[in-house]
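Undergrad:
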């Protein structure tokens, strides 16, 4: 029984995108069925064009399918990624999450495994706060938050964020240590979702 994983992210210049691709790869390696989705861009075109890196990334990822509420209902595991904005999730991801009221009311997000990842331009730029804010939504859903904690050496090598993988934004994207931490976090989330599915069948 394959675990179903939805990797849903927002990325401006590509750092979160890099982590999201590592998550997709790791989930597939773990035997999961994967949907890779970006959330809708809300920023005006003139703002995007004013930043070359932002514009280039938008053009490079224009073929990535946009996330829908069906992706949330379909998945067993939700891997959510966003850059930090003043220690909070981006408006783009928040707008998508704010549409989940109907699914929440019907109990369709209960017991989903949720795990998050993020990026900021500096080491202390709001990584942990952003992830904790994201997890507030999962708690309201009745989802099961799975973080990496300090359960593997890769977490220490990537900078030691137990709340979820985070990267310090750089032009070349996440480094190999951060990508390794993302892959580990993903496999851990898939493993927990599989264990939960087995317990439902055997219980």
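In our numbering, the protein residues as written are 1 to 203.
Ideal placement from N, C-alpha and C gives every residue a C-beta, glycine not left out.
#1: Beta carbon of residue 64, beta carbon of residue 36: below 8 Å?
#2: Between the alpha carbons of residue 116 and residue 75, how many angstroms are there, rounded?
#3: Could you pull out every residue in the same chain whose Cβ sits closer than 6 Å to the Cβ of residue 119, ignoring the five residues on either side in sequence?
#4: Is it the case that the Cβ atoms of residue 3 and residue 197 are separated by a distance below 8 Å?
#5: Measuring alpha carbon to alpha carbon, tell me which residue in 98, 156 and 130 is nearest residue 68.
#6: By the DSSP assignment, the alpha helix (DSSP H) with residue 112 in it spans what residues?
#7: Mind pulling the beta strand (DSSP E) runs of 3 or more residues that sit fully within the region 50 to 106?
#8: What do you get for residue 62, buried or exposed, if any count of 16 or more other CB atoms within 10 angstroms of its CB means buried?
#9: On the CB-based measure, 16 or more other CB atoms within 10 Å of its CB, does residue 57 come out buried or exposed?
#10: When the distance is taken between beta carbons, is residue 40 closer than 8 Å to residue 66?
#11: Along the chain, where does the alpha helix (DSSP H) that runs through residue 157 open and close?
#12: Can you grab the Cα-Cα spacing for the pair residue 190 / residue 151, in whole Å?
#13: In this structure, what does DSSP give as the bridge partners for residue 166?
TA: For this structure:
#1: Working through the chain shown from its first residue, we reach residue 64 at position 64. Working through the chain shown from its first residue, we reach residue 36 at position 36. Yes. Within cutoff.
#2: Counted from its first residue, the chain shown places residue 116 at position 116. Counted from its first residue, the chain shown places residue 75 at position 75. The alpha-carbon atoms of residue 116 and residue 75 are separated by roughly 15 Å.
#3: Within the chain shown, residue 119 is the residue found at index 119, counting from 1. Excluding sequence neighbours, residue 119 sits near 15, 16, 83, 167 and 169.
#4: Taking the chain shown and counting its residues from 1, one reaches residue 3 at position 3. Taking the chain shown and counting its residues from 1, one reaches residue 197 at position 197. Yes.
#5: Taking the first residue of the chain shown as position 1, residue 68 is located at position 68. Ranking 98, 156 and 130 by Cα distance to residue 68 puts 98 first.
#6: Here residue 112 is taken as the residue at index 112 of the chain shown, counted from 1. Looking at the DSSP string, residue 112 is not in any alpha helix (DSSP H), and its letter there is neither H nor E.
#7: 77 to 85
#8: As a first step, residue 62 is located in the chain shown; it is residue number 62 there, counting from the start. Exposed is the call here.
#9: Position 57 of the chain shown holds residue 57. Label assigned to residue 57: buried.
#10: Working through the chain shown from its first residue, we reach residue 66 at position 66. Working through the chain shown from its first residue, we reach residue 40 at position 40. A contact, by the Cβ cut-off of 8 Å.
#11: Translated into the one-based positions of the chain shown, residue 157 becomes position 157. That run of the alpha helix (DSSP H) goes 153 to 157.
#12: Counting from 1 along the chain shown, the entry for residue 190 is found at position 190. Counting from 1 along the chain shown, the entry for residue 151 is found at position 151. The straight-line gap from Cα to Cα measures roughly 15 Å.
#13: Here residue 166 refers to the residue found at position 166 when the chain shown is read from its first residue. Answer by DSSP bridge pairing, in chain order: 118.
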